[in-house]
Every structure is written in C-alpha cells, then in structure tokens.
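Residue numbers (the numbering used here), protein chains in the order written: chain A, 56 to 381; chain B, 56 to 381.
Protein chains: 2
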Amino acid sequence: MHILIIGAAGMVGRKLAQRLAQDGTLDGKLVAKATLHDVVMPSAPIGASFESVLLASDFSLPGEAAKLLAGRPDVIFHLAAIVSGEAEQNFDLGYRINLTGTMELFAAIRAIGDGYHPRVVFTSSIAVYGAPFPEVIGDEFFTTPLTSYGTQKAIGELLLSDYSRKGFFDGIAIRLPTICVRPGKPNKAASGFFSNIIREPLAGEDAILPVSESVRHWHTSPRSAVGFLMHAASLDLNLVGPRRALAMPGLSVTVGEQIEALRKVAGDRVVARIRRLPDLAIIKIVDGWATRLDAKRATELGFTTETSFEEIIRVHIDDELDGKIA
Amino acid sequence: MHILIIGAAGMVGRKLAQRLAQDGTLDGKLVAKATLHDVVMPSAPIGASFESVLLASDFSLPGEAAKLLAGRPDVIFHLAAIVSGEAEQNFDLGYRINLTGTMELFAAIRAIGDGYHPRVVFTSSIAVYGAPFPEVIGDEFFTTPLTSYGTQKAIGELLLSDYSRKGFFDGIAIRLPTICVRPGKPNKAASGFFSNIIREPLAGEDAILPVSESVRHWHTSPRSAVGFLMHAASLDLNLVGPRRALAMPGLSVTVGEQIEALRKVAGDRVVARIRRLPDLAIIKIVDGWATRLDAKRATELGFTTETSFEEIIRVHIDDELDGKIA
C-alpha cells in the first residue's frame, strides 16, 4: 500500500506518519511506501519499515499536484492548509492554497483516469459552521462559515462529495474539532490559546488567555485526530453514502473547565502561570465558532475521542512530555 | 443607475431586462443604462428608455469578467449557468462556467477596489439540497447536492457570503424553485418536463411525462422569479446578515396536482395531450430533489409567489399566450 500525505510537515501530518511507521499497516494492509509532501521539506518518520519519499513544493501551482500522484498512491491524506488566522489576514494566500490547491489536487486525481480510484481523506474543520448556533449542532446543520478558512473548507467538502459521487475517487471529509493540546510553538491559528494555556504552564512557562473563561469550545487530542484519519482511511464508505462530510466527535468544555482540569492534573502552581490579557480580534473570531456538536453519524461509524479534558491533558503529558510536568 | 445582467439571453434574463424596461426604475432609482451579457448575443428589451449595451463572450475566460465591469455597474445580476442536465453530462463545461466563471466574476469585482461595492444578486437553486429530506426543508437545512450543478451553486453561495462579509461587494444568493411554466422550447434542464406538460398541451401539442404523478416538487412562475430578483436588488441586506443564501418561496405540488390544475383551467381536452413515457435517467435525478420548503426567512423579508398552481398556469396564459388556449 502506498500512502500520500499532503501537509506532512504539519503537526498532524507528522504524527500521522509516525503512527503509520509504528503500525506498519493501514486497514490491515502493509504500508510499502509513504510519499510525504509539504511546502517545506518534511522529515521521514522514525523507525519506519517502509520507504519514505520526501517532497517540497507549492501544490497549488499548475502541474504540481500531478507530480504528487506519479506513484498512484492508494490513500491520499490531504491535510495541507493555511490556518484560520492567516487565511483571514491574507485573502489571496488562503484561497490559493485552501481552495485552488484542493481543486488542483482533485482535478489531477481525475485526470489520471484509467481506473485509478484512491481513497481521499480531507481534513475539514468545525470552522464550516458560523454563529448563531442551536444549543447543539446536529449532523444536518448548515454550513455558514464566518471566516474565509471555513468557507474554503466547506467548498472543499462539496467538491469532495461531488468527485466521489462521480466516481473520480473515494473521498471522505472529516470536520476536526480544535486540536488540543497542540504541541510545539504557537502557529497563526486564532484557536492557539486553547492549547497555549495548557501546554505552556505544564512546561513551566507563562501563557496568555485572550478570552473569557466562559468561552465554550469543541476539542479533541492530537492522538484522537490521528485516530480519526486512520479510521477514515479504513472505513467502508458505502456506509457513509453520498454525504461525505462528517463532524468528528469531540469534547465540549469552557475555558474555565479546561483550567479546572489542569488544576486537577497539575495543581495550583501550574494554573497560576495563566495570565489574562483580552484580545478583541481573537474574541471576535472565537465568538463565531461552534461550541457543542452531536457527532452522531461519526460516532455510529466508529470514530472515538476522549471523554474528559483531564484525559486530553494526560494524553499531552504522555505523548509530548514523557510523563513529566515542570 | 447602471445594471449588468450576466445571462441576459436566457429566459429569466430576458424577462428581467423587459421588466426593467417597463418599470424604468429599480429600488426607486432611474435606470440609466443596462449592460446585457451572455455567451450568445442578447437582444435589447423593447421600449426601454435607458441605453442597452449588448455583449457576448465567455465570462469564465481570464480577463473577460473585468470587461463586463468596465462601466462599474451598481447592480449585477449573475444568472449565467450551464443547466443541471448539461452540467451533469459535461463535467468540465459545468465547472468551467458555473464555478470558474463565478469565481472570475467575484475576483474581478474585488480587483477594482477603490470603494467599488456593487449589489450582486446570484441565482442559486434548490438543487443545493440533496435527498433524503425532512418532511419540510427549513432555512437551516444543510446543502448536500446530488448533482454537479447543485454543487457549483452551493459553492457560489459560499463564495458570495465570504466576499460580502469581507466587504468586496454586497451580495445575495436566491435559491430559485423550479420555474414553471417555462416558456419557449425545452432546454437541457432535467426539470423541463414540469413545464412541458403544461405548456405544450396549452399550445395544442403533445407532451411527455417521464415520471410518476406522485412526484412532488417546488415551483414558482417566471413572473415571480423576476419579482424575486427585483426585490433582492432592492432589499436592505443589513436585514439579511451574514447568511446571504436565501431559499425563495414556492408552491409544493405533485405532478398529479399540476395536471388537475391544468384540467380546471383548460379542460380534459388539453389534459389528454399528456403522454406517459417513463425515463429512468430523469426519474433518478428528480428522486434526489427537494419537494417542499419552508422559506420563512425570505417570506419575512418580503419575497412573494403564487398561492395555487392554477394561478401559475394563468400567469403563463396571460404572459405568454395572450390569454388564449389552443
């Protein structure tokens, strides 16, 4: 089995490649080769028994997407994106990567023809929803994004469903919750603080909280996100039918509940490292985001996530901190 | 006031231009100029007191959309589309006109900058919905199109909302019901028979019914469709908010009810001209279409339509047949 990851230098892409290296299989089949692509050169996963081909390019440019498909990968994970905050600031860049890039990729898959019919797993986002919301967002709630990023993801979902319906590939779009605790340095996502207020204090650093503690949001761990991708790549999509965009399960908590979970896991000393500094731009963006979903379809299809925010924090401590709190 | 109609040679475009010529005003302002564009040369409306500029081009080609905007129209009606049946048969053509064309137009408006902020009225369609449906489709039901045409319209709506939110223009997308009774010759729309079974018998011709009489669908007259466009161009969009795609009001009737209305208006002799000839391709497409909506938002915003199918038939007899039945 040959796997292509587009966006392989990103946090989720790296963890996915590492998981494939660890498992050695996907959907019970041996992974023989992984093509890892990003706009910057990705690194090969450690300890893989398969060959890793590393590529760097701008896949939104004409002809570039076709190069990624030269080895006719069986499974394509499309994780590449300009994140929400940056896509909002840079309209042209966001549309070029998040929309044109996706369109070029899908068109390039179709152009191969000759019976080529890969599985395509596309990471969408809860940013496809826009306020005002019902108490709980169900599987049939409409997509009225309030950011360009959310718009681009919603369009990607529509294209993926149409290309799948026409038989050009077998696609599934998964709407990821906000990923928490995001390891490493902050990126330009407006949602960064949800992770910063946990990760930095656990590492002995101060963190800034730019919104009120009453802000409620929808989370999953990086480990669960990789689990969603693996499951989406393995699932019988006949069970999914023509509606190929699925909201993933998550955990709905307020910032206050996040902080209390941190207190339970790591104590007052760690919590004291969170500093309040309201940021009106962040407050305005976050105000339009989804707070609670009922991911009924995905749950029935076997997608699973954490059941408490303490569990999400412990996943971070296990996976990123070797079990140690500063 | 300068008005641009893209798709001005189509049935709705022609009727809209004629209505503007008749009224002489839009939203209480004098129409000074109309730019009428289509892929084939449109004709000027009869009896207009304003100047009509007639243009033919493929607006999806680079640079063509900008030419349509040279006179900086105050209101842009974007009606151009490859219809559902043809977009389904010709994937590339449908995407090029219905998606690339729309993207080129929106980008060209944005590129003018300099405070240019026209009203953009985009005709979307109930084809953005895909079965299975609830008993009644509400304003917050999601868009899961089952045709490429519906996909392209849903994407156009998303782009229009995002461009409007970013302040590049002031857009509104109106989801038209199937237009019935469509005058003239059949086009390639899969929905053509809904009109054929009324129009042809009234003109003394036989018509083919390719589906069962139990098929339920959502209709409005050409006169109401033009009314929607005029209202959409005049409406204060602050009342609409960021969710710029609105389902238009319509009338939900079965084919059997259409036929009984025809019988009431025109008698058994006319109804006898309908011949049953099932077409599996049409049956399959129509099976995925919306049957009944609750267009609550649009109704509250003042959009109106007919209240019985007899009224729809009488509109056709008045507007197209000079009141005479063959």
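Here a beta-carbon is modelled for each residue, glycine too, at the ideal position from N, C-alpha and C. None of the values given here were measured: they were computed from a predicted structure.
(request) Please decide whether A/Glu141 counts as near chain B, where near means a Cβ-Cβ distance under 9 Å. (result) If you number the first sequence from 1, residue 141 of chain A lands on position 86. Answer no: the Cβ-Cβ gap between A/Glu141 and chain B never drops below 9 Å.
(message) One question on the structure: do B/Ala120 and B/Ala163 come within less than 9 Å of each other, judged by their Cβ atoms?
(response) In the second sequence, residue 120 of chain B corresponds to position 65, counting from 1. In the second sequence, residue 163 of chain B corresponds to position 108, counting from 1. Closer than 9 Å, so yes.
(request) Compare the C-beta of A/Leu348 against all C-beta atoms of chain B and say whether one is closer than 9 Å. (result) As a position in the first sequence, residue 348 of chain A is number 293, starting the count at 1. It does not: the Cβ of A/Leu348 has no partner Cβ on chain B nearer than 9 Å.
(request) Pick helix, strand or coil for A/Val94, following the three-state DSSP scheme. (result) Counting from 1 along the first sequence, the entry for residue 94 of chain A is found at position 39. DSSP places A/Val94 in coil when its eight states are reduced to three.
(request) Note the first and the last residue of the continuous beta strand (DSSP E) segment covering A/Leu59. (result) Position 4 of the first sequence, counting from 1, holds the residue named residue 59 of chain A. Its beta strand (DSSP E) spans residues His57 to Ile61.
(message) Taking DSSP's pairing of strands, which residues face A/Phe196 in a bridge?
(response) Sequence index remark: in the first sequence, residue 196 of chain A carries index 141 (1-based). A/Phe196 pairs with B/Phe196.
(request) Drop a sphere of 10 angstroms on the beta-carbon of B/Asn293, count the other beta-carbons inside from all chains shown, and report buried for 16 or more, exposed for fewer. (result) Counted from its first residue, the second sequence places residue 293 of chain B at position 238. It counts as exposed.
(request) Give me the Cα-Cα distance between B/Pro256 and B/Gly65, rounded to the nearest whole angstrom. (result) Along the second sequence, one-based indexing puts residue 256 of chain B at 201. Along the second sequence, one-based indexing puts residue 65 of chain B at 10. Roughly 23 Å separates the two Cα atoms.
(request) Along the alpha helix (DSSP H) that carries B/Val341, what are the first and last residues, could you check? (result) Here the question's residue 341 of chain B lines up with position 286 in the second sequence. Run containing B/Val341: Leu335 to Asp342, per the alpha helix (DSSP H) assignment.
(message) Quick check: what's the CA-CA separation for B/Lys351 versus B/Glu375?
(response) Indexing the second sequence from 1 puts residue 351 of chain B at position 296. Indexing the second sequence from 1 puts residue 375 of chain B at position 320. One C-alpha to the other measures close to 30 Å.
(request) Could you spell out where the alpha helix (DSSP H) holding B/His172 opens and where it closes? (result) Along the second sequence, one-based indexing puts residue 172 of chain B at 117. First-last for B/His172: undefined, no H or E at that position.
(request) State the CB to CB distance for the pair B/Val310 and B/Glu361, rounded to an integer number of angstroms; the pair is presumed to be in contact (CB under 8 Å). (result) On the second sequence, position 255 is the one that residue 310 of chain B refers to. On the second sequence, position 306 is the one that residue 361 of chain B refers to. Going by Cβ atoms, the distance from B/Val310 to B/Glu361 rounds to 17 Å, so no, they are not a contact pair.
(request) Classify B/Val266 as helix, strand or coil using the three-state DSSP reduction. (result) Indexing the second sequence from 1 puts residue 266 of chain B at position 211. Coil, per DSSP.
(request) Give the DSSP-derived three-state secondary structure of B/Asp225 in the structure shown. (result) Residue numbering aside, residue 225 of chain B sits at position 170 when the second sequence is read from its first letter. If DSSP states are grouped into helix, strand and coil, B/Asp225 belongs with the strands.
(message) So that I know if they touch, is there some Cβ in chain B lying closer than 9 Å to that of A/Pro173?
(response) Within the first sequence, residue 173 of chain A is the residue found at index 118, counting from 1. No - not a single Cβ of chain B is within 9 Å of the one on A/Pro173.
(message) Within 8 Å, do at least three Cβ pairs link the region 234 to 241 of chain A to the region 324 to 338 of chain A?
(response) no
(message) I want to verify the contact list: residues of chain A whose CB lies under 8 Å from the CB of B/Glu361, in sequence order.
(response) The residue you call residue 361 of chain B lines up with position 306 of the second sequence. Per Cβ cutoff of 8 Å: no residues; B/Glu361 is ~27 Å from chain A at best.
(message) By the DSSP assignment, the alpha helix (DSSP H) with A/Gly159 in it spans what residues?
(response) Counting from one through the first sequence, the residue named residue 159 of chain A turns up at place 104. The identity of residue 159 of chain A in the sequence shown is Glu, whereas the question assumes Gly. It spans Thr157 to Ile167 - the alpha helix (DSSP H) in which A/Glu159 sits, taken as one unbroken run.
(message) Give the list of continuous alpha helix (DSSP H) stretches no shorter than 4 residues that lie fully inside the region 59 to 138 of chain B.
(response) 66 to 78 and 119 to 123
(request) Would you give the residue range spanned by the alpha helix (DSSP H) that B/Thr206 belongs to? (result) Taking the second sequence and counting its residues from 1, the one referred to as residue 206 of chain B is at position 151. Residues Ser203 to Arg220.
(request) Residues of the region 283 to 302 of chain B with a CB closer than 7 Å to any CB of chain A: list them in chain order, please. (result) Pro297 and Arg298
(message) For B/Ile192 and A/Ala99, what's the separation of their Cα atoms in angstroms?
(response) Counting from one through the second sequence, the residue named residue 192 of chain B turns up at place 137. Counting from one through the first sequence, the residue named residue 99 of chain A turns up at place 44. B/Ile192 and A/Ala99: Cα-Cα distance of roughly 49 Å.
(message) Under 9 Å, Cβ to Cβ, is there at least one residue of chain B near A/Asp70?
(response) Sequence index remark: in the first sequence, residue 70 of chain A carries index 15 (1-based). The sequence shown places Lys at residue 70 of chain A, rather than the Asp named in the question. No, no contact with chain B.
(message) Using DSSP's beta-bridge definition, name the partner residues of A/Phe177.
(response) Numbered from 1 along the first sequence, position 122 holds the residue referred to as residue 177 of chain A. Per DSSP, A/His133 and A/Ala228.
(request) Evaluate B/Gly305 with the Cβ neighbour count: other Cβ atoms within 10 Å of its Cβ, from every protein chain shown; 16 or more gives buried, anything less gives exposed. (result) Residue mapping note: residue 305 of chain B aligns to position 250 of the second sequence, counting from 1. Answer is buried; the Cβ neighbour count reaches 16.
(request) Reducing DSSP to helix, strand and coil, say where A/Thr360 ends up. (result) The sequence position of residue 360 of chain A within the first sequence is 305, counting from 1. Reduced to three states, the DSSP call for A/Thr360 is coil.
(message) At a CB distance below 9 Å, what residues from the region 199 to 213 of chain A approach chain B? Give them in sequence order.
(response) Thr199, Pro200, Leu201, Thr202, Ser203, Gly205, Thr206, Gln207, Ala209, Ile210 and Leu213
(request) Could you name the residues that DSSP lists as bridge partners for B/Thr346? (result) In the second sequence, residue 346 of chain B corresponds to position 291, counting from 1. DSSP lists no partner for B/Thr346.
(request) Mind checking which residues open and close the beta strand (DSSP E) that includes B/Ile329? (result) Stepping through the second sequence from its first residue, residue 329 of chain B is reached at position 274. Segment Ile329 to Arg331, the beta strand (DSSP E) holding B/Ile329.
(request) Give the straight-line distance between the Cα atoms of B/Thr90 and B/Gln73, rounded to the nearest whole angstrom. (result) As a working note, residue 90 of chain B is residue 35 in the second sequence. As a working note, residue 73 of chain B is residue 18 in the second sequence. Going by the C-alpha atoms only, they are around 13 Å apart.
(request) Report the residue from B/Leu290, B/Gly170 and B/Arg298 whose alpha carbon sits nearest the alpha carbon of B/Gly357. (result) Within the second sequence, the letter at position 302 stands for residue 357 of chain B. If we check each option's Cα against that of B/Gly357, B/Leu290 comes out closest.
(request) Please name the residues in the region 220 to 254 of chain A whose beta-carbon is closer than 8 Å to at least one beta-carbon of chain B, in chain order. (result) Arg220 and Lys221
(request) Check each candidate in B/Ala280, B/Gly259 and B/Phe364 and name the one with the smallest Cα separation from B/Ile380. (result) Within the second sequence, the letter at position 325 stands for residue 380 of chain B. Nearest option by C-alpha distance: B/Gly259.
(request) Mark B/Ser363 as exposed unless 16 or more other C-beta atoms lie within 10 angstroms of its C-beta, in which case mark it buried. (result) Position 308 of the second sequence, counted from the start, is the residue given in the question as residue 363 of chain B. Per the 10 Å Cβ criterion, exposed.
(request) Assign A/Glu106 to one of two classes, buried (16 or more other C-beta atoms within 10 Å of its C-beta) or exposed (fewer than that). (result) Position 51 of the first sequence, counted from the start, is the residue given in the question as residue 106 of chain A. Under this definition A/Glu106 is an exposed residue.
(message) Buried or exposed, going by whether 16 or more other CB atoms sit within 10 Å of the CB of A/Glu190?
(response) Here residue 190 of chain A refers to the residue found at position 135 when the first sequence is read from its first residue. Exposed is the call here.
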